[in-house]
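Chains as they are written, first to last, in our numbering: chain Y, 1 to 187; chain C, 1001 to 1187.
Heads up, the thing below is written out as structure tokens.
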DNA sequence: TTAAAATTGTGATGTTTGTCACACTAAAAC
DNA sequence: GTTTTAGTGTGACAAACATCACAATTTTAA
């Protein structure tokens, strides 16, 4: 488990074993079961999570009570309600397990302490944040330029494994179309 | 002009005058005219821009030649094709002036040098990147949960000044609807 | 194992939105 | 000042999509 995190960080910023031991001391290790909540809309957001194994969904519930998938978080992904996490405010989204999931969790004070004390990690977090920003922007472009059918094909191409792991209903909620429409798409 | 940039950074990370002078030495100062391109799709992306005054549009052109507004960049905004900028690849988007615009520009090597040599600035860039990521995610939520009409009202509420500065055609392109549909929205 | 719950496909129908067309206005260029 | 260009509103029609309903299947839980 530790090795996965180390290899993940090393891909961007190689660390010595001592440095990684220091990094690891800022995290806690947790296991959650399917359907468990890591973050509940309306509550505090104490942690940012690195997914070792399993699958999470980041969901936003609108006024009508309808759920929308803002993001899936698979192996090697970092996820949280970042807005609430960084500003120490109440969650606007929930983070819930689609499968049994194993994570490393880091609190905001540890995140900041680690960033300050080990510049390599601040660099790592900066690069991760930039990549997250770029990924979100690509999803926006997908909404601007593509029909539901095209967005579906793009998703299928980008994350082929997702289709064996999540229901069509959830995929539809991620794509921003109704379950029935997704069911009728050609491809 | 320099003062605007200093105040902007100071809001997140206060700098001494010496530190700011060091920061400033990594930027160049440029003026562009309406319709000028700062970034052209398909070409190299040498700079990331801080907008002092003026207004930019970040546009993505699809296969059919239709333009989509990924983002407006107003005063105090940082903008680039970040994906191409950070990976030193060709631009997938263009950045063009809607109004005469004044910017500070920073090349990637200066960005990295500045981050390394002045940890405060790495912290600043990290916070900015996180905020950018959060803003993009909010736009995704807006696409998932809201009709064209609701997205229009949200935009009107968030950036009321935009409506005196850009054409309805551009607003429609930002909202992801046709010009005609936007023209027919109630509100 | 059996009952309950969740998942999926599909028809019918109405709403929303895109596309094409044209007229009108305002601004910019000559 | 006149011509060109860009921006805007609106009608008519077609395509995309949402919603409601129901049946069939699979998964989960007792």
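Glycine residues also receive a C-beta, built at the ideal position from the N, C-alpha and C atoms.
Predicted, not measured: the structure shown is a model, and the values here were computed from it.
Membership of residue 1107(C) in any alpha helix (DSSP H) is not indicated; the residue belongs instead to the beta strand (DSSP E) covering 1101-1107. Contacts with chain Y at 8 Å (Cβ-Cβ) include residue 1082(C).
Contact between residue 1108(C) and residue 1088(C) holds: their C-beta atoms lie close to 7 Å from each other, under 8 Å. For the segment 1087-1109 of chain C, the set of positions with a beta-carbon nearer than 7 Å to some beta-carbon of chain Y is empty.
The beta carbon of residue 158(Y) does not come within 8 Å of any beta carbon belonging to chain C, so the residue lies off that interface. One thing to note: residue 1171(C) has its Cβ no nearer than 8 Å to the Cβ of residue 1185(C).
Annotation: residue 1027(C) is outside any beta strand (DSSP E) and is labelled neither H nor E by DSSP. For residue 9(Y), none of the residues of chain C pass the 7 Å Cβ criterion, the least Cβ distance being about 16 Å.
Taking a 10 Å sphere around the C-beta of residue 156(Y), we find fewer than 16 other C-beta atoms and assign the residue as exposed. Look at residue 40(Y): its C-beta is not under 8 Å from any C-beta on chain C.
Spatial neighbours of residue 1122(C) in its own chain (CB-CB distance under 7 Å, excluding positions within 5 residues in sequence) are listed in chain order as 1115. Within the same chain, and ignoring the five residues on either side of residue 124(Y) in sequence, the residues whose Cβ sits closer than 8 Å to its Cβ are 9, 12, 13. Of the residues 54(Y), 176(Y), 179(Y), the one whose Cα lies closest to the Cα of residue 161(Y) is 54(Y). Among the residues of the segment 134-151 of chain Y, those with a Cβ less than 7 Å away from any Cβ of chain C are 134, 136, 137, 139, 140, 141, 143, 144, 145, in the order of the chain. A straight-line Cα-Cα distance of about 12 Å links residue 18(Y) and residue 118(Y). Below 8 Å, too few C-beta pairs join the segment 24-33 of chain Y and the segment 75-84 of chain Y to call them touching: fewer than three.
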